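Q:
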């Protein structure tokens, strides 16, 4: 599986119409291509760093379906409308990392909009320290994935993918983490992490050898997003 | 009153030494000149934006005080401390602003900024790139500040704009304080709704930083 991840910057005040366009026109156009699956639509929350913007994820069964999608949509009429409705776009091509929880859970992608409650996520792009991508992946697999939900303050990793050749900043990891517990989120954001958690020898200290920069978006899925 | 806004990307393992150096050395040193006061230290919390990003504010009485401050950092009594802080960062972007005189944090003038211990608090710093004149946007924020409801999720405590006005990037900054943890939780519980009390500038592009003050920050 390969994923097309795009962040669409839209003109202020057009967020709702952009979302409706994606749901009503772009999603059907994507899914009309064999092996292409419109997967997720997210928007920035009120407190998100970047606004207004929308995030879309499209999954492809294989490179043949990716190629056919590109051939069919790179100059299509609906693509022109999509382009006209936004100010800019960041595009990434992503593949799952070996421990990816999304893959492990065999996440199914419904073939159309699915109504439900939105889910809040921490949406992270994380470039590793130069030369440390392999160490970062090892750390995530062996240390982070071994942490309990309690250790992680109610923030649970749902997807862990990385950019691939031709697909954006490299090396870079994309992590999508679901907020299960609003109290835990409030505690994480509003209160300091105790100093002893950051002391030399702690897991946080060790992890900083592989990465110490990231960009987090507090995003939420749309009420109609196929995968919430 | 002028305001220097510094946005720091700190080396992860230097987080605590950076914070400690500001508290113990740099911030007290700034007050060695009657025209400058260290005004605020905030971290972007984990989960809220860039990793290890800090925002610091320095209040400056006027351009003469600014000149003295620049000299102190370059070759004066603050130069060593500043150099040590630079070594703990990956990048720093410093910008000069005019603090709107109606801002609550400006109420007691430059001597109103004093370090004292208090619990951490959560803020949001909204940076609006506006279409029209900067002065009009500042006026609009003031009008919203003066008519804000008492029970809003956030309350505006400061507004600053570029010292060079429309000659510079037309970005108006609004600092708002979260009412409480309960207000924050309630806001997250309704993720499709905007937070009440946040300044609204139609047509402006917004970049938001969630910020948490440190326990010794003058603005808290």
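Residue numbers (our numbering), protein chains in the order written: chain A, 1 to 228; chain B, 1 to 220. Just so you know, even glycine gets a beta-carbon here, dropped at the ideal spot from N, CA and C. Because the structure is a prediction, the values reported are computed rather than measured.
1. Does the CB of residue 198 of chain B have a neighbour CB from chain A at under 8 Å?
2. Answer yes or no: does any C-beta atom of chain B fall closer than 8 Å to that of residue 150 of chain A?
3. Decide if residue 76 of chain A is buried, meaning its Cβ has at least 16 other Cβ atoms within 10 Å, or exposed.
4. Since residue 72 of chain B meets chain A, which of its residues come closer than 7 Å, beta carbon to beta carbon?
5. Tell me, please, whether the CB atom of residue 19 of chain A is closer than 8 Å to any CB atom in chain B?
6. Just to confirm before moving on: does the CB-CB distance between residue 195 of chain B and residue 117 of chain B stay below 8 Å?
7. Would you call the CB atoms of residue 219 of chain A and residue 123 of chain A closer than 8 Å?
8. With a cut-off of 8 Å, do at least 3 Cβ pairs link the segment 49–56 of chain B to the segment 1–21 of chain B?
9. Looking only at DSSP bridge pairs, what is residue 124 of chain A linked to?
10. So, does the CB of residue 213 of chain A fall closer than 8 Å to a CB anywhere in chain B?
11. Thinking C-beta only, is residue 36 of chain B closer than 8 Å to residue 60 of chain B?
12. Taking only beta-carbon positions, decide if residue 46 of chain B is within less than 8 Å of chain A.
13. Between residue 76 of chain A and chain B, is any beta-carbon pair separated by less than 8 Å?
14. From residue 186 of chain A to residue 64 of chain A, what distance separates their C-alpha atoms?
15. Hey, quick one: how far does the beta strand (DSSP E) through residue 54 of chain B stretch, first residue to last?
16. Which whole-angstrom value is the C-beta distance of residue 172 of chain A and residue 126 of chain A, which I expect to be below 8 Å?
17. Counting pairs of Cβ atoms below 8 Å between the segment 128–148 of chain B and the segment 97–105 of chain B, do you hit three or more?
18. Is the distance from the Cβ of residue 130 of chain B to the Cβ of residue 162 of chain B below 8 Å?
19. Indicate the three-state DSSP secondary structure (helix, strand or coil) for residue 72 of chain B in the structure shown.
20. For residue 127 of chain B versus residue 171 of chain B, is the C-beta distance shorter than 8 Å?
21. Rounded to whole angstroms, what's the CA-CA distance from residue 58 of chain A to residue 41 of chain A? Just pull it up for me.
22. I want to know whether the segment 85–93 of chain A touches the segment 4–12 of chain A - three or more CB-CB distances under 8 Å.
23. Using a Cβ cut-off of 8 Å (strictly closer), state whether residue 29 of chain B contacts chain A.
24. Kindly indicate which residue of A:189, A:164, A:100 has the alpha-carbon position closest to the one of residue 153 of chain A.
25. Where does residue 108 of chain B land, buried or exposed, given buried means 16+ other C-beta within 10 angstroms?
26. Which runs of the alpha helix (DSSP H) spanning at least 4 residues fall entirely within the segment 68–137 of chain A, listed in chain order?
27. Using DSSP's beta-bridge definition, name the partner residues of residue 32 of chain A.
28. Which residues in the same chain have their Cβ closer than 6 Å to the Cβ of residue 37 of chain A, if we skip the five residues on either side of it in sequence?
29. Taking residue 120 of chain B as the reference, give the member of B:41, B:152, B:4 with the closest Cα.
30. What would DSSP say about residue 40 of chain B, mapped onto helix, strand or coil?
31. Smallest Cα separation from residue 96 of chain B: which of B:68, B:72, B:63?
32. Measure the alpha-carbon distance for residue 166 of chain B versus residue 15 of chain A and round it to whole angstroms.
33. Got a sec? Which residues, its chain only, sit under 8 Å from residue 19 of chain A by beta carbon, not counting five neighbours each side?
34. Would you say residue 180 of chain B and residue 157 of chain B are within 8 Å of each other, going by their C-beta atoms?
35. Taking residue 219 of chain B and residue 57 of chain B to be in contact with their CB atoms under 8 Å, please state how far apart those CB atoms are, rounded to whole angstroms.
36. Is the CB of residue 192 of chain B under 8 Å away from at least one CB in chain A?
A: According to the data block:
1. Reading the second chain from its first residue, position 198 is the one you call residue 198 of chain B. The beta-carbon of residue 198 of chain B is placed less than 8 Å from the nearest beta-carbon of chain A.
2. Sequence index remark: in the first chain, residue 150 of chain A carries index 150 (1-based). It does not; no Cβ of chain B falls within 8 Å.
3. Taking the first chain and counting its residues from 1, the one referred to as residue 76 of chain A is at position 76. Exposed, by the Cβ-count rule.
4. As a first step, residue 72 of chain B must be located in the second chain, where it is residue number 72. Near residue 72 of chain B there are no residues of chain A at all, since even the closest Cβ is about 30 Å away, more than 7 Å.
5. Residue mapping note: residue 19 of chain A aligns to position 19 of the first chain, counting from 1. Taking 8 Å as the CB threshold, residue 19 of chain A stays off the interface with chain B.
6. By one-based count along the second chain, residue 195 of chain B stands at place 195. By one-based count along the second chain, residue 117 of chain B stands at place 117. With respect to the 8 Å criterion, residue 195 of chain B and residue 117 of chain B are not classified as neighbours on the basis of their beta carbons.
7. On the first chain, residue 219 of chain A is found 219 positions in, with the first residue counted as 1. On the first chain, residue 123 of chain A is found 123 positions in, with the first residue counted as 1. It is a contact, given that the beta carbons lie within the stated cut-off.
8. Because the criterion of three Cβ pairs below 8 Å is met, the segment 49–56 of chain B and the segment 1–21 of chain B touch.
9. As a first step, residue 124 of chain A is located in the first chain; it is residue number 124 there, counting from the start. Residue 124 of chain A pairs with A:175, A:216.
10. Start at 1 with the first residue of the first chain, and residue 213 of chain A comes out as number 213. True, the Cβ-Cβ gap to chain B drops below 8 Å.
11. Locating residue 60 of chain B in the second chain gives position 60, counting from the first residue. Locating residue 36 of chain B in the second chain gives position 36, counting from the first residue. Yes.
12. For the purposes of this step, residue 46 of chain B is taken as the residue at position 46 of the second chain. Yes, because at least one Cβ of chain A sits closer than 8 Å to the Cβ of residue 46 of chain B.
13. To locate residue 76 of chain A, count along the first chain from 1; it is residue 76. Look at residue 76 of chain A: its C-beta is not under 8 Å from any C-beta on chain B.
14. One-based indexing of the first chain puts residue 186 of chain A at position 186. One-based indexing of the first chain puts residue 64 of chain A at position 64. Separation of residue 186 of chain A and residue 64 of chain A (C-alpha to C-alpha, rounded to the nearest whole angstrom) is 44 Å.
15. Numbered from 1 along the second chain, position 54 holds the residue referred to as residue 54 of chain B. First-last of the beta strand (DSSP E) with residue 54 of chain B: 53–60.
16. Here residue 172 of chain A refers to the residue found at position 172 when the first chain is read from its first residue. Here residue 126 of chain A refers to the residue found at position 126 when the first chain is read from its first residue. Yes, residue 172 of chain A and residue 126 of chain A are in contact; Cβ-Cβ is about 7 Å, under 8 Å.
17. A contact exists between the segment 128–148 of chain B and the segment 97–105 of chain B.
18. Start at 1 with the first residue of the second chain, and residue 130 of chain B comes out as number 130. Start at 1 with the first residue of the second chain, and residue 162 of chain B comes out as number 162. Going by C-beta atoms, residue 130 of chain B is not nearer than 8 Å to residue 162 of chain B.
19. Residue 72 of chain B sits at position 72 when you count from the first residue of the second chain. Residue 72 of chain B carries a helical assignment under DSSP once its states are collapsed to helix, strand and coil.
20. Numbered from 1 along the second chain, position 127 holds the residue referred to as residue 127 of chain B. Numbered from 1 along the second chain, position 171 holds the residue referred to as residue 171 of chain B. Yes.
21. The count along the first chain starts at 1 and reaches residue 58 of chain A at position 58. The count along the first chain starts at 1 and reaches residue 41 of chain A at position 41. If I take the Cα positions, the gap works out to 9 Å.
22. With a cut-off of 8 Å, the segment 4–12 of chain A and the segment 85–93 of chain A count as touching, because enough Cβ pairs lie within range.
23. Along the second chain, one-based indexing puts residue 29 of chain B at 29. No, because no Cβ of chain A sits closer than 8 Å to the Cβ of residue 29 of chain B.
24. Stepping through the first chain from its first residue, residue 153 of chain A is reached at position 153. Looking at the Cα atoms, A:189 is the closest of the given residues.
25. In the second chain, residue 108 of chain B corresponds to position 108, counting from 1. Residue burial annotation: residue 108 of chain B is exposed, with fewer than 16 other C-beta atoms found within 10 angstroms of its C-beta.
26. Counting whole runs of 4 or more residues, the segment 68–137 of chain A contains the alpha helix (DSSP H) stretches 77–84, 101–104.
27. Taking the first residue of the first chain as position 1, residue 32 of chain A is located at position 32. Its beta-bridge partners do not exist; DSSP assigns none.
28. The residue you call residue 37 of chain A lines up with position 37 of the first chain. These residues qualify, in order along the chain: 59, 109.
29. Looking up residue 120 of chain B in the second chain gives position 120. The shortest C-alpha separation from residue 120 of chain B is found at B:41.
30. Here residue 40 of chain B is taken as the residue at index 40 of the second chain, counted from 1. Strand, per DSSP.
31. The residue given as residue 96 of chain B occupies position 96 in the second chain. Closest in alpha carbon position to residue 96 of chain B, among B:68, B:72, B:63, is B:63.
32. Here residue 166 of chain B refers to the residue found at position 166 of the second chain. Here residue 15 of chain A refers to the residue found at position 15 of the first chain. Distance between the alpha carbons of residue 166 of chain B and residue 15 of chain A is about 27 Å.
33. Translated into positions along the first chain, residue 19 of chain A becomes position 19. Cβ neighbours of residue 19 of chain A beyond the five flanking positions: 41, 43, 54, 222.
34. Numbered from its first residue, the second chain carries residue 180 of chain B at position 180. Numbered from its first residue, the second chain carries residue 157 of chain B at position 157. No. Outside cutoff.
35. The sequence position of residue 219 of chain B within the second chain is 219, counting from 1. The sequence position of residue 57 of chain B within the second chain is 57, counting from 1. Confirmed, about 7 Å.
36. Here residue 192 of chain B is taken as the residue at index 192 of the second chain, counted from 1. Taking CB atoms only, residue 192 of chain B has a neighbour in chain A less than 8 Å away.
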